[in-house]
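Below is one structure, written out as structure tokens; the observations come after it.
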Amino acid sequence: MITEERSPSDSSQAAQPHIQQNIQYLMFAAIDSTRRRALSQVDDADLTWLYRRFEPPEGFGEAQDKLERHGVVLLEGAAGSGRRAAAKMLLRLHLDAEHRFCTLPADLDGGSIDVSNVERGDLLLLDLSTVEAAEYLVLRSALAGLRADARQRDARLVVILNPQLEMWAERDETQQYRVRIGKPDPERVVQRHLAGERVPVSSALPQAAGLQTVLSKSSMTKLAWFAELTHLLFGRAGKDSDLAAALKLALTALVDRSAEVKGDLANRTDGMSRALLFTVAMLEGVHLNAVFESVRLLLSKVGHPEEEVPSLERQSFLARLHDVKAEVTDTRQVGFREIGYGEAVVSYFWDNHLDLVGAFRDWVDELVRTCWLSRPEKVALAERVAGQCLRTDNPNLLAELSGSLAAGDSEDLTPVIRNLLSAGLANLAHGRVFRRRIYDWAKDSKQPKNFAAVLVDLCSVEMARSYPEEALTRLRHLSKRLPGELDEQAVAALLRLACGDLRLFRRLLERLCPREAHYPRPADLKIFLMLVEPARLLQVDNQGHPYLSDRAVRRSVVDGWSDVLFTERGPDWPGEVGNYLTLCSSMPEAQATSALRVIVEAAGSDGVKLAEIYVVARNWASTGPDRGTRTGLALRFSQLIDKAQGVGAGPSELRYREEQR
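By my numbering, the letter at position 471 of the sequence shown is numbered 471, and the numbering carries on one by one without gaps.
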């Protein structure tokens with residue numbers, strides 16, 4: 001039970017935390033919006049979204065010219081200058097149905113950058129700006145070879161360099177492709193973002209105190225976030241919307257309060273006050289009772305001794321809240337009076353108390369399992385923890401927290417886990433740590449059901465945008481994680497991803513039916529049979545050609561069906577051929593015939609197997625309500641069998657006609 005002791009305050013002061021918490025909510029919405037857009041690198045709609053908000057930086061024209069003439073450009077610019085957006089826009093100039101945007105992982109394979117998945121005409125982005133120094137120099141020295149590989153494939157390549165590490169890189173022939181870019185006009189950047197959200201903007205932004213400082217000192221990401229927050233505040237005002245008022249309110253969220261927080265904490269050395277500050281900062285907007293319980297939990301996690309003063313002699317909890325600049329609304333929600341103060345408190349603790357970050361993780365781990373917080377509040381806490389772990393270069397701490405929460409297989413925690421991992425995947429500096437973790441988790445057959453579902457969702461939605469090849473690999477492992485059966489949700493996501501793009505369709509077939517394999521894996525054959533359903537084989541690519549007309553696809557389909565037909569203790573191939581015939585029976589004659597050819601080709605010159613296939617087709621035709629349709633399809637199938645044996649209207653067809661009389 002909490003004894004309330006309200007500090008003197010008027011009604012406007014009591015309402016202030018509620019206003020501040022609403023803005024805090026909008027701040028997270030703005031951060032989430034800009035973060036998710038940063039992840040979306042492949043989808044044309046996302047590139048179009050960025051184009052409408054893009055303001056070209058200094059040097060963009062020169063970079064455009066080098067990419068046009070040489071097929072490669074190396075972008076160098078200070079952090080926050082919009083290098084990545086510029087790289088995407090350079091490649092977008094060449095985007096069409098025949099040229100696909102691809103992100104190259106900043107990894108080495110045998111001393112060179114892996115281009116095995118690069119195809120003719122691809123538009124390639126390689127971002128080295130967040131790579132560590134030792135790796136950077138090795139990757140930098142591999143750029144000459146990468147450029148040659150790209151040129152051989154008629155691909156265009158944009159590389160983002162790290163100017164701080166460039167001075168240590170070896171001088172080579174790629175120097176001629178370097179272009180230094182500067183920041184674009186910051187006011188124009190904000191205007192473009194607001195216009196992209198249909199906020200009416202004149203030739204100049206309304207002037208407000210601190211605006212010019214924000215414009216001159218902010219990175220492009222921060223300006224995009226500022227514009228998004230302004231847009232959200234503008235939209236909430238409805239018909240009374242005023243851009244000047246929205247800008248002024250958004251600016252208050254950008255005030256740097258770190259010095260203020262540092263001074264306040266210097267005057268508050270007792271553990272209870274500091275625990276209270278940290279808890280309120282991490283949980284702004286939650287109920288008073290939840291804050292009270294959460295403070296007690298934090299004190300136990302950091303090993304703080306119990307207070308010796310008896311409970312009735314202590315200062316009340318509400319008085320303590322007031323002492324740390326926190327207020328309680330009429331609905332008993334707790335928050336700080338000043339916008340941005342809580343964020344500064346959180347950053348201070350994560351920056352300065354490195355010995356406590358493990359305890360912070362354990363505190364969050366236990367806190368989100370309690371009933372004290374609602375599901376949205378748990379998700380908000382996850383967002384805040386993820387942001388701090390990534391900002392302070394603690395990706396493994398975040399991954400460990402995700403894994404720990406997943407171990408309990410609680411469906412209630414899946415949104416929390418998803419948000420933790422989604423933030424990790426979206427982070428440019430640490431994203432590959434989480435892609436690697438997801439790979440390891442995907443291969444573990446002991447993963448709980450709910451966690452596996454989260455991984456499927458992350459792979460098919462988040463990873464597939466930027467790293468579709470890696471998403472494909474992880475979904476395939478997730479599909480086969482269950483002993484003796486397939487994970488239906490993972491298989492469905494895998495097939496959706498593969499069937500949406502010819503290259504991914506081809507890649508999955510190659511992995512399901514590797515030519516060098518001594519024996520096919522049963523789970524892979526099951527997935528193969530679902531992947532090669534006739535309708536999927538005959539869907540068309542972006543140039544209007546059926547997938548089956550691709551030479552590599554056809555070879556893999558034939559090889560896979562050969563494994564189905566000839567593998568001992570493999571699938572029930574007569575039943576699979578019958579199912580395939582049923583699917584073909586609902587298709588136009590020409591398409592059905594095209595799809596059936598692959599089975600005949602898979603049998604090769606094996607007369608016995610061809611005869612067995614003929615018997616399967618005959619038996620299939622004699623069953624089912626649509627016997628007329630089945631008879632016609634089986635007859636065409638028998639003609640394909642005869643042709644494969646080098647005869648015209650030969651034994652199979654004549655025998656079939658005789659048997660049908």
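Glycine residues also receive a C-beta, built at the ideal position from the N, C-alpha and C atoms. No experiment lies behind these values; they were computed from the predicted model shown.
Can you give the Cα-Cα distance for residue i and residue j, rounded to whole angstroms?
i	j	result
R332	R314	21 Å
V385	L398	8 Å
L581	K66	54 Å
Q639	V558	19 Å
G387	V357	13 Å
P514	D524	10 Å
S294	D440	33 Å
A85	K248	27 Å
W363	L124	42 Å
R296	L508	52 Å
K672	V214	Past the edges of the chain, shown from 1 to 661, lies residue 672, and the structure says nothing about it.
R153	L128	22 Å
R188	R53	10 Å
S258	S202	34 Å
T567	P520	8 Å
Q539	F292	59 Å
L494	L475	6 Å
L186	S594	Correcting the residue identity first, residue 186 is Pro in this sequence and not Leu. Their backbone Cα atoms lie some 58 Å apart in a straight line.
D393	H430	8 Å
L276	P376	21 Å
V532	G145	37 Å
Let me make sure I understand the geometry here. Which of the options has the alpha-carbon closest to that of residue i?
i	options	result
S586	R337, G560 and L633	L633
E98	Q388, S141 and L502	L502
N157	L165, P163 and A148	According to the sequence provided, residue 157 is Leu. The question's Asn does not apply to it. Checking every option, the nearest Cα to that of L157 belongs to A148.
S466	Q207, L428, C499 and K609	L428
L458	T414, L50 and T213	T414
A155	L95, L128 and R171	L95
F505	R521, D487, S556 and P305	S556
E307	F336, E338, S273 and A359	S273
G500	A490, A45, Y547 and P534	Y547
A244	A209, K217, G646 and L165	A209
E119	L126, F101 and E135	F101
Q447	S479, S460, E462 and A423	S479
Y177	S622, G71 and L205	G71
A621	V600, D606 and G578	G578
G342	S374, M282, N352 and D393	M282
L596	L537, C389, G77 and E485	L537
T48	R92, R69 and A79	R92
Around the C-beta of residue i, are 16 or more other C-beta atoms found within 10 angstroms, so that it is buried, or is it exposed?
i	result
T473	buried
R657	With a pLDDT of only 49 at R657, under 50, the local geometry of the prediction cannot be trusted, and no value is derived from it.
W168	exposed
E284	buried
T269	exposed
C371	exposed
H545	exposed
A644	buried
V553	buried
V615	exposed
P132	Note that residue 132 is Glu in the sequence shown here, rather than Pro. Looking at its Cβ environment, which holds fewer than 16 other Cβ atoms inside 10 Å, E132 is exposed.
A63	buried
A250	buried
P310	exposed
N542	exposed
L39	Here the model assigns L39 a pLDDT of 36, short of 50, so the residue's position is not dependable and the matter cannot be decided.
N267	exposed
V138	exposed
So residue i and residue j are in contact, right, with Cβ under 8 Å, and what is the actual spacing, rounded?
i	j	result
F637	A617	5 Å
L229	A253	6 Å
W561	A590	Contact doesn't hold; Cβ gap of about 20 Å is too wide.
L75	I160	5 Å
K378	V416	5 Å
S402	L421	5 Å
G77	P206	Wrong, their Cβ atoms sit about 30 Å apart, outside the cutoff.
With a threshold of 7 Å, establish whether the CB of residue i neighbours any heavy atom of the ligand FAD.
i	result
S404	Judged by which ligands are present, the structure shown has none, so any question about the ligand FAD falls away.
Segment contact flag, the stretch 307-323 with the stretch 245-264, C-beta cutoff 8 Å, min 3 pairs: No, they do not touch.
Counting beta carbon pairs with one atom in the stretch 444-456 and one in the stretch 408-423, are three or more of them shorter than 8 Å? In this structure the stretch 408-423 touches the stretch 444-456; the number of beta carbon pairs closer than 8 Å is three or more.
Is there contact here, the stretch 177-189 with the stretch 53-73, by at least three beta-carbon pairs under 8 Å? Enough Cβ pairs lie closer than 8 Å, so yes.
Hey, is the stretch 568-583 in contact with the stretch 526-537, meaning 3+ C-beta pairs nearer than 8 Å? With contact defined as three or more Cβ pairs closer than 8 Å, the stretch 568-583 and the stretch 526-537 are in contact.
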